[in-house]
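Heads up: the sequence shown runs through residues 12 to 579, numbered per our numbering.
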Amino acid sequence: MNQEDLYWFTFILVMLLGFFTYKLLTRHRSYFRLLRVPFEKPHFLYGNLDDVLSGKLTTMEKIEQFYRKFSTHRLFGFFNYMTPALYVRDPALIRQLLQPNMAYFESHGYFLDEQKDPFLGSQLHLVKGAEKASKVATFVTPIYRNPNNLSTMDGTAQKCCTALIDFITSRAELELELKAIFLKHTLNTFAGIAFGKELNTFQDDTDRFCAVASGMAYGTNPVQVIKTMAFYLVPGLMQTAGVQFTDRQEIEYLVSQYHKAASAPSTHSMARSLSEANEKLKTFLQLTDEQLTAQCAMFFTKGFEPTLNLLSFAAYELAQNPDVQGKLYDELVHHGLTKSNSSVPPKYESVRSLPYLEAIVLETLRKWPPHPLLVRECTKPFSIPAAENGDRASIPLRVGDKLYISVWALHRNGDHFPQPEQFNPERFMDGNAPQSNTFIPFGIGRGCAGQEFVKLLVKVTLVALVLRFKLQPGERTAEPLKLIESASSLEARDVPLVAQPCRFPFLRIQVPERDGVPGTMGWLDLVRVAPVRPEEQNAIEDRLNVGDTIIATLRENPTTYTDNKSCN
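Written as structure tokens, this is what we have:
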């Protein structure tokens, strides 16, 4: 072959390689056109992620942009690089697909083979097969949602809240990285509730359980991070190679911790509840110790991250919205949680019926959903029915096709939630219950079985904090909040806040009627509504033994304290 022939051969080979590479990259370009779903023409390399790669928008914001652009359509197409993603934006269709037709979309898109990975493959959210998943759900879900289990965790929650308050008090008035502090608190709490393990990571974080559990829940182990990426990118290859997601030694260690908790008669834990249920339901579903440990581990890992993130976002919003923080404190006053015995963290029964606290948690879940993106994989051939308003035909889905639901965009739709960027708990007050079609922070269909535990732990912790501190933004507090986003969770990059201790937040006195409102009032709260009336000043002097010096200070400067939480 002479030089000219070699030149042409090389040229033709390069052209053919380029052509087939282009065809490979664009092989899905007609996917949405064939389905008759609206979409925006993608770039052949990065799809619709142009603004994301340039740093102008996050992935969630880009999808939200499409969500608004195709506002008259039930579905739209989005190219994640060159992988097509079918997004469902209509709330009624979301409900229709994932509730009555849940059997067609039972997979979250990352099933593990229980034969090859029995530990993870047996966990409730990863179980393969509708019948087996239904049995495991019937076994596990009542334990997670049993009010008796919610109330018996009081001792653990109170101990962990006390450790949290003590730690913050020792560093009060400094700008604290609350997310890192909440991480330790959440680890302590879930270790106790799931495995009956008493930890205080504020004093000692060298216990082996800390490394094993936080590695599973939060990806702190570098090897685990690499495994996670590999299972996400090439799950079939990893399972074919026989690679287990969780290290065998770690599984054996967790099983030993399960045995300790299950056999401890004086300890209330998820492990013990699962063991007792397994004895009662032998004829229905018999699980091995490793499978029971897997359910405990799932409760830990799937509850740990949402609780940590929800706490971080709620604390941030309370600091940024002092009026909301003040109203919450007033509610605690009204329900008697600011009495002198409030040095003990609140119990489950104390916080379950506080409407404004519930509204704060719901509004935090709306604005900062734990799972901003839901993925459901079609497991049986299915056709999305045509709409009455003009879709020309039903949309066929094949086995393996995936549906995507942007909870982030749904919760920030002004049609459902006016002024969605504003943190406004009032939208969930006065009987305004969240609509099940438009408010799905924990998913829908095969959702989160432990969501009540998550909400309860957040409520107990927030009450313990607000009773003792005024949360304020610090010098490093970002506005807007900087986020770390992934397909599975939404978290703040960091949450630096100042926790200012309240000097006398619990002292209450009877006061004469003021502006038509009789009742009790905190003595420092009373002073802030200066001028102080003579009979109110007398009430302070006569009914409170707070010391001559403080009384004198209040007389000289009755407007010293200007916040309804009376911090100085």
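Backbone N, C-alpha and C define an ideal beta-carbon position, used for all residues, glycine too.
None of the values given here were measured: they were computed from a predicted structure.
For this session: Let me know if Leu339 comes out buried or exposed under the rule of 16 or more other beta-carbons within 10 Å of its beta-carbon.
Result: buried
Problem set entry | Member of Gly58, Gly66, Val63, Asp101 whose CA lies at the smallest distance from the CA of Asp426 | Asp101
Exercise. Would a check of beta-carbon distances place Ala222 closer than 9 Å to chain B?
Worked result: The structure shown has no chain B; it contains just one protein chain.
Problem set entry | 7 Å CB neighbourhood of Ala288 in its chain, flanking five on each side removed | Phe150, Ile154
For this session: Identify whether Lys481 lies in helix, strand or coil by the three-state DSSP scheme.
Result: strand
Problem set entry | Cutoff 8 Å; reference Phe30; Cβ partners in own chain excluding five residues on either side | There are no such residues.
For this session: With DSSP collapsed to three states, give me the class of Leu421.
Result: helix
For this session: Take Ala103 and list the residues in its own chain whose beta-carbon comes closer than 7 Å to its own, dropping the five residues that flank it on each side.
Result: Asn448
Exercise. DSSP three-state call for Glu388: helix, strand or coil?
Worked result: strand
Exercise. Going by the CB atoms, is the gap between Ser500 and His382 shorter than 9 Å?
Worked result: yes
Exercise. Nearest to Arg47 by alpha carbon, out of Leu86, Ile262, Met281?
Worked result: Comparing Cα positions, the closest option is Leu86.
For this session: Compute the Euclidean distance between the alpha carbons of Thr197 and Thr318, then round it to the nearest angstrom.
Result: Approximately 7 Å, taken between the alpha carbons.
Problem set entry | Spatial neighbours of Asp69 in its chain, beta-carbon cut-off 8 Å, leaving aside the 5 residues before and after | Per the sequence presented here, residue 69 reads as Thr, with Asp not at that position. So the list reads Val63, Leu494, Glu496, once near-sequence residues are dropped.
Exercise. Could you give the residue range of the alpha helix (DSSP H) that holds Thr304?
Worked result: Counting along the chain, the alpha helix (DSSP H) containing Thr304 begins and ends at 300 to 331.
Exercise. Near Thr167, what residues of its chain come up, given a Cβ to Cβ distance below 6 Å and the 5 sequence neighbours on each side ignored?
Worked result: Gly203, Ile204
Problem set entry | Nearest-angstrom beta carbon gap, Pro366 and Met281 [assumed within contact, 8 Å] | Not confirmed; about 29 Å, so no contact.
Exercise. If you check the beta carbons only, do Tyr92 and Leu60 fall under 9 Å apart?
Worked result: yes
For this session: Would you please state the rounded distance, in angstroms, between the beta carbons of Gln331 and Pro431? I believe it to be under 8 Å.
Result: Not quite, the Cβ-Cβ distance comes to about 16 Å (not below 8 Å), so this is no contact.
Problem set entry | Ala224 vs Phe315 beta-carbon contact at 9 Å | yes
Problem set entry | Three-pair Cβ contact test at 8 Å for the segment 301 to 308 versus the segment 262 to 275 | yes
Exercise. Tell me which same chain residues have a C-beta within less than 6 Å of the C-beta of Ala273, skipping the five on either side of it?
Worked result: Ala282, Arg283, Ser286
Exercise. Quick one: is Trp19 buried, meaning 16 or more other Cβ sit within 10 Å of its Cβ, or exposed?
Worked result: exposed
Exercise. Going by alpha carbons, who is nearest to His54 out of Glu72, Pro95, Met26, His84?
Worked result: Pro95
Problem set entry | Range of the contiguous beta strand (DSSP E) that encloses Ala489 | Segment: none, Ala489 is in no beta strand (DSSP E) and carries neither H nor E.
For this session: Verify the contact flag: Ile395, CB atom, against every heavy atom of the ligand FMN, threshold strictly below 8 Å.
Result: No copy of the ligand FMN occurs in the structure displayed, which carries no ligand at all.
For this session: Could you have a look at Ser394 and say whether DSSP puts it in helix, strand or coil?
Result: strand
Problem set entry | N- and C-terminal bounds of the beta strand (DSSP E) containing Gly88 | 86 to 91
For this session: Could I get the ranges of all uninterrupted alpha helix (DSSP H) runs contained in the segment 205 to 229, with 4 residues as the minimum, in chain order?
Result: 219 to 229
Problem set entry | Beta-bridge pairing of Ile406 - partner residues as DSSP gives them | Ile395
Problem set entry | Enclosing beta strand (DSSP E) for Leu104 [first to last residue] | Element bounds for Leu104: not the beta strand (DSSP E) but the alpha helix (DSSP H), 102 to 109.
For this session: Just confirm the distance between the C-beta atoms of Phe77 and Phe90, as a whole number of angstroms; I'd bet it's less than 8 Å.
Result: That pair is no contact at about 10 Å.
Problem set entry | Residue nearest to Val147 in terms of C-alpha spacing, selected from Val410, Trp419, Cys307, Lys391 | Cys307
Problem set entry | Supposed contact pair Ala510 and Pro357 - C-beta distance, whole angstroms, cut 8 Å | The pair is not a contact, with the Cβ atoms about 18 Å apart (cut-off 8 Å).
Problem set entry | Residue from Arg479, Phe393, Leu109, His270 with nearest C-alpha to Thr299 | His270
Exercise. Hey, Val362 and Val465 are a contact pair by Cβ (cut 8 Å); roughly how many whole angstroms apart?
Worked result: With 8 Å as the limit, Val362 and Val465 do not qualify as a contact, their Cβ atoms being about 14 Å apart.
For this session: Just the C-alpha distance for Ile192 and Leu175, rounded to the nearest angstrom, thanks.
Result: 8 Å
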